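K.L.:
So the sequence shown is numbered by my numbering: it starts at 515 and just counts up by one.
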Amino acid sequence: MTQGGKGNGQGSAAQQVFGPQAAVYATSKVHIRDDSLESVERMVDAANGANRYGWTLDLGTGAGFTAFAVAGVSDRVIATDVTRPMLRQAQRLGAERG
Numbered sequence: 515m516t517q518g519g520k521g522n523g524q525g526s527a528a529q530q531v532f533g534p535q536a537a538v539y540a541t542s543k544v545h546i547r548d549d550s551l552e553s554v555e556r557m558v559d560a561a562n563g564a565n566r567y568g569w570t571l572d573l574g575t576g577a578g579f580t581a582f583a584v585a586g587v588s589d590r591v592i593a594t595d596v597t598r599p600m601l602r603q604a605q606r607l608g609a610e611r612g
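(1) Sort Met-557, Thr-594, Gln-530, Val-554 by Cα distance to Ala-577 and report the nearest one.
(2) Can you confirm whether the stretch 566-573 touches the stretch 540-556 when touching is taken to mean that 3 or more C-beta pairs between the two stretches lie within less than 8 angstroms?
(3) Enumerate in chain order the residues of its own chain whose CB-to-CB distance from Ala-536 is below 6 angstroms, with the five nearest sequence positions on each side excluded.
(4) What residue range is occupied by the uninterrupted beta strand (DSSP E) comprising Thr-594?
(5) Taking the C-alpha atoms as reference points, what is the distance between Gly-519 and Ala-561?
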């Protein structure tokens, strides 16, 4: 997992808004089971192991739920976020999932 946020200042605004909420996002039932994530999971299920992707890039991963959803059909997933606390939550959840 990588963290950006240097340059035009947009990263620092996101860090101020989302950084303090990282632990909430990691356990939020809304973020764990939202419509867009369910759409990604349906696409992964529809592939039924027939389609594999060499690389998947998750920009703005937050707590990593989309990255985790595509991990089963991707050889490598790169997840990035401008908010370091979100990346820490994604790393923690990834370690728990194995």
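Using N, Cα and C, we set each Cβ at its ideal position, and we do this for glycine too.
All figures in this text were calculated on a predicted structure; none of them were measured in a lab.
P.N.:
Looking at the coordinates:
(1) Thr-594
(2) no
(3) Pro-599, Met-600, Gln-603
(4) 588-595
(5) Only weak support is given to the placement of Gly-519: the predicted model assigns it a pLDDT of 47, under 50, and the question is left unresolved by the model.
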